[in-house]
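Numbering (our numbering), first residue to last: 70 to 912.
As C-alpha cells, the structure follows; a few thoughts come after it.
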Amino acid sequence: MNEKVEKYWHIPFILIAIAVGLYLRIANPWNNVFVPWMEGARLSGNDPWYYFRLIDSTIHNFPSRIWFDAFTHYPYGTYTHFGPFLVYLGALVSMLAGATTPAEIRTVIAFIPAFGGALLAIPAYILTKEVFGKRAGVISAFVVVLIPGQLMARSVLSFNDHHIWEVFWQTLTLGTFILAYNRWKDYTGEVKNPKMLAYPVIAGVSMGMYLLAWAPGFISALMILLFVFLAFILKDMVKPNVKALSVVTIVTYLTAALVYLPFAFNFPGLATNRYSPLPVLILVGASLIVAVFRLLSKVIDEGKLDRLGVDRKYILPAAIIITSLILAALMFTLSPDFARNIQLIFRVIQPRGGALTVAEVQPFFSMGGKFSLTPAWQNFSITFFFAIPAMFYYAYRFIKTKDEKLLFILIWGFAMLVALAGQNRFAYYFGVVSAVFASAIASEILERVRFYDYISAAIRSDERAMKKIGARSVIAGILVLLVLVYPTFSQANEYSRYSAGGINKQWYDALTWMRDNTPGKEVYDEFYYQLYKPPDNFKEPYPYYPEGVYSVMSWWDYGHWITAIAHRIPVANPFQQGIGNKYNNVPGAAPFFTAFNESYADSIAEKLGVKYVVSDVEMATGKFYAMAVWAEGSLEKAGQMYFAGSGIVYVDVQGNLGISLTGRVPLGARPISGINIPSENYYRTMEAKLHIFDGRGLKHYRMVYESGFGTNTYSGFQELAYRNIYNSLYDKKLGFGKVDALSTGYVKVFERVKGVTVKGKASGDEVTAKVTIKTNQGRTFEYIQKVKVVNGEYELILPYAQNTTYPVKPMSAYTIESGGVVKTLEVSDEQVENGGVIVLDLI
C-alpha cells in the first residue's frame with residue numbers, strides 16, 4: 070500500500086459502519102415512532118419525556134435551564150440529576166432546526182440518540198486501535214453499532230436519554246487517554262509542548278463531557294486511578310513510563326475538572342448523582358494522589374531511601390500502598406460525608422427491597438431467579454461468547470508480555486463485567502466491552518490464519534504471495550467474520566424494529582384530556598415554563614407553589630408523562646421519588662394504592678395535596694406486585710400479603726375461560742398462561758377498588774375519564790382473569806357485588822372530592838345508595854355504597870353529581886333504599902366539591 074492508503078484506509082470502513090448504525094436506528098423503528106394518533110415523534114420509555122420537558126423549558130428560557138424542578142415529586146420538587154450535555158444539545162439542535170412547538174421539538178430530538186449510537190463507532194475504533202491495533206479497531210467500529218439488546222434499545226430513534234452518551238463519552242475518554250499515554254510514552258521533550266499537551270487535554274475534555282452527560286461519570290477517573298495505582302505498584306514488572314503516565318493523568322483530570330466546574334454548584338452539598346462539587350473534589354484529589362505517587366517514585370529512583378537497606382523494587386509498592394491507606398483513613402476520618410458518597414458509587418451492584426422490582430436493576434445473569442446466559446445472547450449476541458474468553462486470554466497475555474495497555478483495558482472490561490452482574494442496566498455499557506474484546510480476538514485469529522497477509526498481497530496483486538498463503542486463509546477469515554458479524558447483525562436488525570415505543574394511545578389520550586379539562590390549565594401552563602427558585606430546605610415542602618396547585622397520584626412509572634404531557638405535578642416519578650412505604654409510614658404512591666381502607670389512603674392523599682388519581686390496567690395486574698414490594702419492603706412479604714399462590718389460565722373444550730389453582734387443567738383444556746392468584750387482601754386495596762371495581766363504594770373518589778379498553782393486550786387479559794377470580798372466590802366474603810367479567814378502560818382517571826354528605830333517619834338496618842354510571846367510552850357500571858344504620862340514623866358520602874361537566878356521569882338520580890323505603894336524589898357538582906350536606910329521611 071502507498072503511504073496515504075496505509076494511513077487512511079480505515080476511514081471509509083468507519084463511515085460505512087456509521088451509515089449502517091444510522092439505518093438500523095432510524096429506518097427500522099420509524100413506524101413505531103411516528104404514529105397516526107400523535108403529532109410529532111412518540112418518545113420511548115419514561116426518561117426521554119423528562120428530557121423533552123427540560124429541553125422545552127430551556128428553549129423558552131435560553132440559555133438558562135432548570136436545575137431545581139418544582140413540577141414533579143409534589144409537594145417537594147427535586148434537584149434534577151439530568152446533566153447539561155443532552156439538555157443543551159437538544160435545545161441547540163431544536164433551535165437550529167427551527168422547532169418551536171412541542172411536537173416539532175420532540176421530532177427533532179428523537180433523532181439525537183440514533184446519531185449517538187452510530188457515532189459510537191469512532192470512540193470504539195480509537196480505544197481498540199490504541200490497545201489492539203488498527204485492524205481490530207475497524208472491526209470494533211462495525212461490531213459496536215450492531216450490538217443488540219440494551220445498547221441498541223437506548224440508541225434508537227426516539228430514546229433521547231443520556232445512556233448512549235454515557236457510553237459514548239466513557240469510551241472516548243478511555244480511548245483518548247490511552248492514545249495520549251501512547252504518544253507520551255516515548256516522548257522525551259518539554260512537558261509544556263502544546264502539541265503534546267493537546268492529547269491529554271482532549272482526554273480531559275472527553276471526561277468532562279462524560280460528567281456533563283451523567284454526574285457519576287467520574288467512575289472513569291476512578292478506573293484510570295486504579296490503573297495508575299497498579300502501574301506504580303507493578304513498575305518493575307510492567308515498566309511503564311511513570312513520568313508520562315503522571316503528566317497525562319493529571320492534565321486529563323484537571324481539564325475534566327475545568328470543563329465540569331461551571332456546573333458544579335447546582336446542588337446544595339455533595340452528591341454522587343447531582344451537579345455538586347463532589348466530582349471536582351474527586352478529580353483534584355485524584356490529581357494530587359497521582360502527584361504523590363510520582364514524587365515517591367522519583368525520590369526512590371534517585372536513591373534517597375537506599376539507606377533503609379531495602380530493595381528499591383519493594384520500597385515503591387510498599388510506599389504507594391501505605392500512602393493510599395493513610396489517604397483513605399484521613400478521608401474517612403476528616404470527611405465522613407465525602408467518604409459516604411464514595412461508598413455509594415459501589416452500592417449500585419447491590420439493589421435491595423423495592424429497587425429489585427425495577428427492571429433495569431435486576432442482576433443480569435439471574436433475572437429469572439436462576440443463572441442463565443440467555444440475557445447475554447439477547448443483549449450481545451455471539452460477541453459475548455467471543456469477548457469473555459478473550460478477556461481471560463488477554464489477562465494471560467498481560468502476565469506474559471507485561472503490556473500496560475492490556476492492564477488498562479482489562480481493568481475497564483472486568484469492572485464493567487462486575488457492574489453488569491450486579492445490575493442489568495449496565496448491559497449498555499458492557500455492549501462496548503463485548504464489541505471491543507470480541508473484535509480484538511477476532512482480529513488476532515485473522516492474523517494467525519494469515520487472512521490479513523492474503524488481503525495485503527491481493528491489494529499488491531502479488532499472485533505468488535497469494536498462492537503461497539493459500540485460499541484457505543481467506544475462507545477461514547471470512548468464516549470468522551461471518552460467525553462474529555452475521556448473528557449479531559441479524560439480531561440487531563430484528564431488535565431495532567421493536568426497540569422504540571413507549572406511551573400508548575390510551576395513556577396519551579388520558580393525559581392530553583387531563584391537560585385540557587382539569588382545573589388550573591392556564592396556571593399550570595405558565596408555571597410549567599418557569600425557572601424555579603430553589604428552596605432553603607429541599608427536604609421540606611416547596612414553599613413557592615402558586616395558589617391552588619394540586620398533585621396527581623399514580624405509580625412512579627408514569628410521573629414524567631404526567632409532567633410533560635398533562636402539565637400536572639405528579640407525586641411519584643421514575644426517579645423513584647414519592648413512592649413511600651408502609652413499614653416506615655412514609656406517605657406516597659405505594660402505601661396509597663395498597664391501602665386496605667379509604668380513610669388511610671385519603672390521609673395520604675391529604676398530606677400530598679392529591680386531587681386526581683390515575684390508574685391503569687398494568688397497575689391493577691402485573692405492576693401491582695411492584696407496588697406491594699415497595700409498600701411492604703420485601704418480595705416475600707408482598708407475596709404473602711397480597712397473593713394466594715400461582716395458577717394457570719386456560720380455555721376449556723367449550724371455549725370458556727377458566728383458572729386452575731391446583732396446577733392442573735381439565736382434560737382437553739388449553740393452557741394460556743401462568744398467573745399470580747390475588748388473595749382476598751388484594752381486592753381490599755385501593756388499586757383494586759379503583760380499577761377492578763371502578764371506585765364502587767368509595768366516598769371521596771369518582772371516575773371522571775376512561776380511556777379506550779385494553780381488550781387486546783396481555784394486561785387486559787389479566788384484568789379479565791382478576792375479575793373472574795373475584796367473582797369465583799371472593800364475592801361472598803367481601804360483599805362488594807359481582808363485577809362484569811370484561812376488560813375495561815386501560816387508563817382511568819379519578820377525582821378526589823369532599824363528597825356530599827347525605828344523612829337522616831332510617832327504618833332498616835342498612836342503607837344502600839345506587840346509581841348507574843356511564844363513561845365517556847359508553848361503558849356502564851353501577852356505583853353502590855352501603856352503610857349501617859346506627860341508633861336509627863345513617864350517613865352516606867356520595868362522590869358523583871348528576872350535573873357534572875366531566876364525561877363520566879350518572880345516567881339518573883341516586884336510588885337510596887332502607888327497610889323497603891326507596892327515595893331518589895340528585896346532587897350538584899358544587900355540593901360534591903364543597904362537601905355539602907343533605908338531610909334525607911328514609912322512614
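Ideal placement from N, C-alpha and C gives every residue a C-beta, glycine not left out.
No Cβ-Cβ contact shorter than 7 Å links Ala360 with Tyr322. At the C-beta level, Tyr119 and His629 come within 7 Å of one another. Under the three-state reduction of DSSP output, Pro331 falls in the helix class.
For Ser620, the secondary structure class from DSSP, reduced to helix, strand or coil, is strand.
Within the model, the alpha-carbon separation for Asn115 versus Leu280 is close to 22 Å. Between Met772 and Val682, the C-beta gap is not smaller than 7 Å, which leaves the two residues out of contact. Secondary structure at Pro337: coil, using DSSP grouped into helix, strand and coil. Per the C-alpha coordinates, the member of Asn872, Leu909, Gln900 and Phe440 positioned closest to Val890 is Leu909. For the options Tyr652, Phe499 and Ser812, the alpha carbon positioned closest to that of Thr240 is the one of Phe499. Around the beta carbon of Glu687, a 10 Å sphere encloses 16 or more other beta carbons of the protein chains shown; the residue is thus reported as buried.
By the Cβ-count criterion, Ser776 is buried, with 16 or more other Cβ atoms from all chains shown falling within 10 Å of its own Cβ. A Cβ-Cβ separation of about 6 Å places Ala507 in contact with Ala459 under the 8 Å criterion.
Collapsing the DSSP output to three states places Lys76 in a helix.
For Ile842, the secondary structure class from DSSP, reduced to helix, strand or coil, is strand. Nearest neighbour of Ala313 by Cα position, chosen from Ala249, Asn342 and Ile293, turns out to be Ala249. Rounded to whole angstroms, the separation of the alpha carbons of Ile510 and Gln846 is 60 Å. With 16 or more other Cβ atoms inside 10 Å of its own Cβ, Met221 counts as buried. The segment 224 to 231 and the segment 95 to 113 touch, with three or more beta-carbon pairs separated by less than 8 Å.
Excluding residues up to 5 positions away in sequence, Asp763 and Ile842 lie with their Cβ nearer than 6 Å to the Cβ of Phe850 in the same chain. Only residues of its own chain outside the window of five on either side were considered, and among them Pro656 have a CB closer than 7 Å to the CB of Lys676, listed in chain order. Nearest to Leu291 by alpha-carbon distance, out of Ser684, Met485 and Tyr598, is Met485. Short of 8 Å from the beta carbon of Tyr799, and not among the five residues preceding or following it, lie these beta carbons of its own chain, in chain order: Glu749 and Tyr752. Here DSSP, grouped into helix, strand and coil, assigns Gly708 to helix. Under the three-state reduction of DSSP output, Gln646 falls in the strand class. Under DSSP, Ala831 forms a beta bridge with Leu911. About 5 Å separates the Cβ atoms of Ser620 and Val640, confirming a contact at the 8 Å cut-off. Counting only residues of its own chain and dropping the five nearest sequence neighbours on each side, Lys254 has a CB closer than 6 Å to the CB of Asn310 and Ala313. Proximity of the segment 520 to 535 to the segment 469 to 484 falls short of the contact definition, fewer than three beta-carbon pairs being nearer than 8 Å. Here the segment 688 to 698 does not lie against the segment 591 to 608, with fewer than 3 beta-carbon pairs under 8 Å apart. Assigned with DSSP and collapsed to three states, Pro386 falls in helix.
Here Phe455 is not near Pro444, since their CB atoms are 7 Å or more apart. Listed as beta-bridge partners of Glu862 by DSSP are Lys830 and Val859. Taking C-beta atoms as the reference points, Gly90 and Gly186 count as a pair closer than 7 Å. Among the bridge pairs identified by DSSP, Tyr883 is matched with Leu894. In the three-state reduction of the DSSP assignment, Pro603 falls in the coil class.
Taken atom to atom, the span from the alpha-carbon of Asp626 to that of Leu266 is near 46 Å.
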